[in-house]
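J.: The following block contains the structure, expressed as C-alpha cells.
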Amino acid sequence: MDKLYKPVKYQCSDHIELKTYFTKYSNLLKKVPPGLNLSEELTPFEKHEAIMTYREGFTPEKREELHSFLSICESDLTIYRVETESPKRPERSKNTERIFLRVARTNKDSATCKIKKEFAVAVRIYHPITKKNGRKKRFQFSHELVVLGSNTLADLRDKIQCRSDFLCLEVKDPTLDIDYSPSSKDVYPSGFIFIDNVFYNDMRHKNAIDYSKVIRTWAAEESTIAPLSTGNMATTCINDLSPRFGYPYVYQHQGDCEHLLTFSRSWLVTNSDPLNTKDYPHLSSFHLISIKLCILCYKKAAKWMCCDSNRLPHKETPLCQECLLEFLYVDGEKRGEFTLYPYIEEDYSNI
Ligand SMILES: [Zn+2]
Ligand SMILES: [Zn+2]
Numbered sequence: 001m002d003k004l005y006k007p008v009k010y011q012c013s014d015h016i017e018l019k020t021y022f023t024k025y026s027n028l029l030k031k032v033p034p035g036l037n038l039s040e041e042l043t044p045f046e047k048h049e050a051i052m053t054y055r056e057g058f059t060p061e062k063r064e065e066l067h068s069f070l071s072i073c074e075s076d077l078t079i080y081r082v083e084t085e086s087p088k089r090p091e092r093s094k095n096t097e098r099i100f101l102r103v104a105r106t107n108k109d110s111a112t113c114k115i116k117k118e119f120a121v122a123v124r125i126y127h128p129i130t131k132k133n134g135r136k137k138r139f140q141f142s143h144e145l146v147v148l149g150s151n152t153l154a155d156l157r158d159k160i161q162c163r164s165d166f167l168c169l170e171v172k173d174p175t176l177d178i179d180y181s182p183s184s185k186d187v188y189p190s191g192f193i194f195i196d197n198v199f200y201n202d203m204r205h206k207n208a209i210d211y212s213k214v215i216r217t218w219a220a221e222e223s224t225i226a227p228l229s230t231g232n233m234a235t236t237c238i239n240d241l242s243p244r245f246g247y248p249y250v251y252q253h254q255g256d257c258e259h260l261l262t263f264s265r266s267w268l269v270t271n272s273d274p275l276n277t278k279d280y281p282h283l284s285s286f287h288l289i290s291i292k293l294c295i296l297c298y299k300k301a302a303k304w305m306c307c308d309s310n311r312l313p314h315k316e317t318p319l320c321q322e323c324l325l326e327f328l329y330v331d332g333e334k335r336g337e338f339t340l341y342p343y344i345e346e347d348y349s350n351i
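Numbering (full-length UniProt numbering), first residue to last: 1 to 351.
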C-alpha cells in the first residue's frame with residue numbers, strides 16, 4: 001500500500017521490528033557504566049543524585065530544578081484531567097478536546113510485567129469517516145489504547161470502542177431501562193485489522209466471516225496493488241509486528257465501519273507504568289469533542305436520537321432525557337409523531 005499511500009506524506013517512521021528493537025534496547029540499558037550505582041534499593045531521589053554526580057557539572061540550582069521536575073514525573077497520580085470547563089461551547093473549546101488518563105501503578109508485589117524487558121505501545125483509534133451534507137468529514141481522533149508487546153491484536157480489538165457495536169432498536173417508553181443485549185458485536189462478530197498488506201481476521205466466533213476475502217479478490221485483479229495476505233488476529237502478538245509509527249492502518253468491523261489506527265509511541269515498561277499484565281490494553285486518552293450534546297439545552301449529553309419528528313426541524317435530533325420528556329411527552333404520552341432510539345456514545349468506563 002506504500003505506493004498508494006506514500007509514507008513520506010504521513011511523516012512516519014520506517015518499519016520497526018518491535019521485538020528486535022526492544023531486545024537490543026533492553027540489553028543496552030543493562031550496560032550501566034562502572035562506578036554508577038543505580039540499584040533498585042535506591043530511592044528515585046538517590047538515583048537522580050547518583051546520575052548527576054556521575055555526569056558532573058550540575059550546579060546546586062540545576063540539581064534542585066531537575067529534582068522538582070523528576071518528582072512531578074514520578075508522582076503517584078491515579079487520574080488527571082487537562083481540560084477546563086468552557087460554559088459557552090464546551091464541545092469546541094480547545095482545552096476540552098482530549099482527556100488524558102493515567103492508570104494507577106500496580107503494587108510491586110503483584111507485578112507480572114518484566115520491568116525494562118517488556119515494552120508497551122500506544123495505539124490511536126480514529127472515528128470512522130462519515131459524510132455530512134455530501135462532504136467527507138475530517139479524520140477525528142477517538143481514543144488511544146496502550147498495549148503490551150505480548151498482547152494479541154484480538155486483545156486490542158476487544159478494547160476498541162465504537163457505537164456501531166451496540167444494537168439500537170426503537171424504544172417505546174423512554175422511562176424504562178433499555179435492554180442492549182444482544183449487542184451488534186455478539187450478532188456480527190467479524191472484523192479485521194489491516195497492517196502492511198496483511199488482513200488480520202478475527203475468526204474467534206463461529207459466526208465470523210472473512211471480511212477481507214472480497215477485497216483480496218478485487219485486489220488480485222488490480223496490477224497496482226501488491227499481493228495481500230491474511231493472518232489470525234487471535235494468535236498475532238504486537239511483538240510479531242514491524243509497523244511504521246504514524247502510518248495509518250485500518251480496523252474494519254460491523255460490515256463497513258472503517259476506522260484508521262496508528263501506532264503512536266512505544267517504550268520499555270518501567271516502574272512508572274502499570275506492572276500487571278491484566279491492566280493491558282488500557283485507555284490512555286480519549287477525545288471529549290466526540291460527546292454529542294442535547295440540541296435543546298446544549299448542556300447535557302444526548303441520551304436519545306429522535307427521528308422524523310413533526311415537531312422538530314431536523315430529521316435526527318439528539319436529546320437528553322429531561323428535554324425529551326419535557327418537549328415530546330405529556331403525562332407519559334407521546335406528543336406528535338416520531339421514532340425514538342437510544343443514542344449511544346463510546347463507553348470508556350470499562351477499558
Ligand atoms: Zn466502528
Ligand atoms: Zn437537553
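Even glycine gets a Cβ: it sits at the ideal position worked out from N, Cα and C. Since the structure is predicted, the reported quantities are computational estimates derived from the model, not experimental observations.
With hydrogens ignored, establish whether the beta-carbon of H259 is closer than 8 Å to any heavy atom of ligand 1.
T.: Against the sequence shown, residue 259 aligns to sequence position 259. At least one heavy atom of ligand 1 is nearer than 8 Å to the Cβ of H259, so yes.
J.: Mind the definition here: the region 259-275 touches the region 117-124 only if three or more C-beta pairs lie below 8 Å; say whether that holds.
T.: The region 259-275 vs the region 117-124: in contact.
J.: Where does T317 sit, in a helix, a strand or coil, going by DSSP?
T.: Within the sequence shown, residue 317 is the residue found at index 317, counting from 1. Reduced to three states, the DSSP call for T317 is strand.
J.: Quick one: measure Cβ to Cβ for S184 and F166, integer angstroms, because I've assumed they're closer than 8 Å.
T.: Reading the sequence shown from its first residue, position 184 is the one you call residue 184. Reading the sequence shown from its first residue, position 166 is the one you call residue 166. S184 to F166, Cβ: 6 Å. Contact.
J.: If Y247 sits next to H259, beta carbons under 8 Å apart, how far is it from one beta carbon to the other, in whole angstroms?
T.: Working through the sequence shown from its first residue, we reach residue 247 at position 247. Working through the sequence shown from its first residue, we reach residue 259 at position 259. Not quite, the Cβ-Cβ distance comes to about 15 Å (not below 8 Å), so this is no contact.
J.: Whole angstroms are fine: how far does the CA of F286 sit from the CA of T339?
T.: Counting from 1 along the sequence shown, the entry for residue 339 is found at position 339. Counting from 1 along the sequence shown, the entry for residue 286 is found at position 286. Straight-line Cα distance between these residues: approximately 31 Å.
J.: Could you tell me whether any non-hydrogen atom of ligand 2 is closer than 8 Å to the CB of K299?
T.: Within the sequence shown, residue 299 is the residue found at index 299, counting from 1. True, at least one ligand heavy atom lies under 8 Å from that Cβ.
J.: Which class does K88 belong to by DSSP, given the choice of helix, strand or coil?
T.: Here residue 88 refers to the residue found at position 88 when the sequence shown is read from its first residue. With a pLDDT of 38 at K88, under the threshold of 50, the predicted position of this residue should be treated as unreliable, and no value is reported.
J.: Would you mind working out which of T53, T317, F192, P274 sits nearest Q254, comparing C-alpha positions?
T.: Reading the sequence shown from its first residue, position 254 is the one you call residue 254. Looking at the Cα atoms, F192 is the closest of the given residues.
J.: If you reduce the DSSP assignment to three classes, tell me which class K334 lands in.
T.: For the purposes of this step, residue 334 is taken as residue 334 along the sequence shown, with counting starting at 1. It is a strand residue.
J.: Compare the beta carbon distance of L324 and C307 with 9 Å and say whether it is the shorter of the two.
T.: Here residue 324 corresponds to residue number 324 of the sequence shown, with the count starting at 1. Here residue 307 corresponds to residue number 307 of the sequence shown, with the count starting at 1. Result no, Cβ atoms of L324 and C307 do not sit closer than 9 Å.
J.: Rounded to whole angstroms, what's the CA-CA distance from F69 to N37? Just pull it up for me.
T.: As a position in the sequence shown, residue 69 is number 69, starting the count at 1. As a position in the sequence shown, residue 37 is number 37, starting the count at 1. Spanning the two alpha carbons is a distance of roughly 22 Å.
J.: Name the DSSP bridge partner or partners of E258?
T.: By one-based count along the sequence shown, residue 258 stands at place 258. Answer is Q252.
J.: Do L228 and R244 come within 9 Å of each other at the CB atom, strictly closer than that value?
T.: Position 244 of the sequence shown, counted from the start, is the residue given in the question as residue 244. Position 228 of the sequence shown, counted from the start, is the residue given in the question as residue 228. No, Cβ-Cβ distance for R244 and L228 is not below 9 Å.
J.: Who are the Cβ neighbours of S13 in its own chain at under 7 Å, not counting the five residues just before and after it?
T.: Position 13 of the sequence shown holds residue 13. For S13, where only same-chain residues beyond five positions count, the Cβ hits under 7 Å are R244, F245, G246.
J.: So, helix, strand or coil for F69, using DSSP?
T.: Counted from its first residue, the sequence shown places residue 69 at position 69. It is helical.
J.: P34: buried (16+ other C-beta within 10 angstroms of its C-beta) or exposed?
T.: The sequence position of residue 34 within the sequence shown is 34, counting from 1. When all chains shown are included, P34 counts as exposed.
J.: Let's see if you can read the secondary structure: which residues bound the alpha helix (DSSP H) around residue 376?
T.: The structure shown does not extend to residue 376, since the chain is modelled only from 1 through 351, so no value can be given for it.
J.: Considering only the alpha carbon of each residue, which of M233, P182, R157, I209 lies closest to F199?
T.: As a working note, residue 199 is residue 199 in the sequence shown. Considering only alpha carbons, the answer is M233.
J.: I think N201 touches M1, with their Cβ atoms under 8 Å apart; what is that distance to the nearest whole Å?
T.: Within the sequence shown, residue 201 is the residue found at index 201, counting from 1. Within the sequence shown, residue 1 is the residue found at index 1, counting from 1. Contact doesn't hold; Cβ gap of about 17 Å is too wide.
J.: Heavy atom of ligand 1 less than 8 Å from the Cβ of residue 410, yes or no?
T.: Because the chain in this structure spans residues 1 to 351, residue 410 falls outside the shown range and cannot be described.
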